[in-house]
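K.L.:
The listed protein sequences correspond, in order, to chains A and B.
Residues in the first sequence are numbered consecutively from 1, following the numbering used here.
Residues in the second sequence are numbered consecutively from 1, following the numbering used here.
First, the structure itself, so that you have it in front of you.
Number of protein chains: 2
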Amino acid sequence: MQTNTQFASAIHMLALLALDEDEQVTSAEMASSVNTNPAFLRRILGALSRAGLVESQPGARGGWRLRRAPEDISLLTIYQAVDEGHLLAMRHHTNPNCKIGGVIQSTLETYFGEAEAAFERTLARQTLAQVVATALATASREAS
Amino acid sequence: MQTNTQFASAIHMLALLALDEDEQVTSAEMASSVNTNPAFLRRILGALSRAGLVESQPGARGGWRLRRAPEDISLLTIYQAVDEGHLLAMRHHTNPNCKIGGVIQSTLETYFGEAEAAFERTLARQTLAQVVATALATASREAS
DNA sequence: TTAATTGTGTCTATAGTAGTTACAGATAGA
DNA sequence: TCTATCTGTAACTACTATAGACACAATTAA
């Protein structure tokens, strides 16, 4: 499965913004840490902006900053901001004339839906602030 | 995200086999219900066979049958049989010289890992027998 | 011996992801 | 006012994963 990296990239950028809450950070600066190109990140930042998580200032000395405290940003909020899709494919185009084919889709939506809900409940309990704290703790432990 | 349909197809096929436990079912018959081609299904069936969930008989009047009772097959077992990957991309190639870039990967593995574990715990509680029962109940409700 | 079926290899079409370039619009600061 | 900088977005390309399609050797029942 070709999983998309936008969620991971979004968390990465938000962590950078949380660490530098006083200043604005440009997409070019973030691109050097995420190791990708600024235009790709600006697309993701656009989604985060529409979700009210960040705001931008165009022009010279512009950049991005958080609009909410890291404690108030859950990973689920980020996930939903950048990814509208489902974890699992439910729409496989079955033959409706078959006993199973006709009803398997709604059945799978029920079962997969429960599993996705459990996944999302976990993300809802995890905050950006926790991620940043864990990352900093790991960094200082590795430095020593 | 281009989610793969193999998990859904696998459940679909196993449900067909569970409904027809007395007889062997060919990949061509299953393909007409799943609405795809037999060769693709045989590849998925190969994975299910390696996981000990089904067995095949080649040759004329051959086909596939279950090797375990539907009550003893959890959706997690099926999921793990057909899909080795992760739900979320963790390996985005960050810049290790950056304060966040160097440690974000292991941090995300921790957080994403918890969410995936919750997802899998839910699948572990769901069985093929339940899926078949739900599908049949839906079918009879729609028929009335 | 024949017909049917698995198991697998190969090729192709399609689509999703991200890399790249470009550029209009906005803004700070000289 | 001018210039350098940065956003926001569009367009194009390259790459990769998925699955559809076809083929065929090996196997088996009748």
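Each residue gets a CB set at the ideal place from its N, CA and C atoms; glycine is no exception.
From V82/A, N4/A, S144/A, pick the residue whose C-alpha is nearest to that of L14/A; which is it?
P.N.:
V82/A
K.L.:
Skipping 5 residues on each side, what residues in its chain have a beta carbon closer than 7 Å to that of L16/A?
P.N.:
For L16/A, where only same-chain residues beyond five positions count, the Cβ hits under 7 Å are V25, M30, S33.
K.L.:
Rounded to the nearest angstrom, what separates M1/A and G85/B at their Cα positions?
P.N.:
The predicted position of M1/A is uncertain, since its pLDDT is 42 and thus under 50; a value taken from the coordinates is nonetheless stated next. M1/A and G85/B: Cα-Cα distance of roughly 7 Å.
K.L.:
Taking the straight line between their C-alpha atoms, what separation do you get for G46/A and R141/A?
P.N.:
34 Å
K.L.:
Quick one: measure Cβ to Cβ for L53/B and R65/B, integer angstroms, because I've assumed they're closer than 8 Å.
P.N.:
At roughly 10 Å, the Cβ-Cβ gap does not stay under 8 Å, so L53/B and R65/B are not in contact.
K.L.:
Who are the Cβ neighbours of T127/A in its own chain at under 8 Å, not counting the five residues just before and after it?
P.N.:
P70, E71, D72, I73, S74, L75
K.L.:
Can you give the Cα-Cα distance for Y111/B and S144/A, rounded to whole angstroms?
P.N.:
24 Å
K.L.:
Quick check: is the beta carbon of N146/A nearer than 8 Å to any beta carbon in chain B?
P.N.:
As displayed, chain A neither begins before 1 nor continues past 144, which places residue 146/A out of reach and without an answer.
K.L.:
So, helix, strand or coil for S56/A, using DSSP?
P.N.:
strand
K.L.:
Would you mind telling me which residues of chain B sit closer than 7 Å to I44/A, beta carbon to beta carbon, in chain order?
P.N.:
Per Cβ cutoff of 7 Å: no residues; I44/A is ~12 Å from chain B at best.
K.L.:
If we require 4 or more residues per run, which alpha helix (DSSP H) segments fall completely within the segment 45 to 117 of chain A?
P.N.:
Residue ranges of uninterrupted alpha helix (DSSP H) with 4 or more members, entirely inside the segment 45 to 117 of chain A and ordered along the chain, are 75 to 82.
K.L.:
How big is the Cα-Cα spacing for A60/A and L19/A?
P.N.:
22 Å
K.L.:
Taking R125/B as the reference, give the member of A118/A, V131/A, G102/A with the closest Cα.
P.N.:
A118/A
K.L.:
Tell me the rounded alpha-carbon separation between E23/A and Q105/B.
P.N.:
24 Å
K.L.:
R42/A to C98/B, Cα distance in whole Å?
P.N.:
19 Å
K.L.:
Determine the chain B residues that contact V54/A at a beta-carbon separation under 9 Å, and present them in chain order.
P.N.:
Going along chain B, no residue has its Cβ under 9 Å from V54/A, so there is no contact; the nearest lies around 16 Å.
K.L.:
Compute the distance between the beta-carbons of A89/B and A8/A, then report whether it is under 8 Å.
P.N.:
Cβ atoms of A89/B and A8/A: closer than 8 Å.
K.L.:
Take E21/A as the anchor and find which of T77/A, T138/A, V132/A, A137/A has the nearest alpha-carbon.
P.N.:
The shortest C-alpha separation from E21/A is found at V132/A.
K.L.:
Below 7 Å CB to CB, which residues in the same chain sit around Q57/A once its five sequence neighbours on both sides are set aside?
P.N.:
Q24, G63
K.L.:
Per DSSP, what are the beta-bridge partners of T127/A in this structure?
P.N.:
S74/A
K.L.:
Quick check on H12/A: buried or exposed, where buried means 16 or more other Cβ atoms within 10 Å of its Cβ?
P.N.:
buried
K.L.:
Establish whether the CB of S49/B and some CB of chain A are separated by less than 8 Å.
P.N.:
Not an interface residue.
K.L.:
Residues in its own chain within less than 6 Å of G102/B by CB, not counting five upstream and five downstream?
P.N.:
So the qualifying residues of the chain are P96.
K.L.:
Quick one: is A137/A buried, meaning 16 or more other Cβ sit within 10 Å of its Cβ, or exposed?
P.N.:
With fewer than 16 other Cβ atoms within 10 Å, it is exposed.
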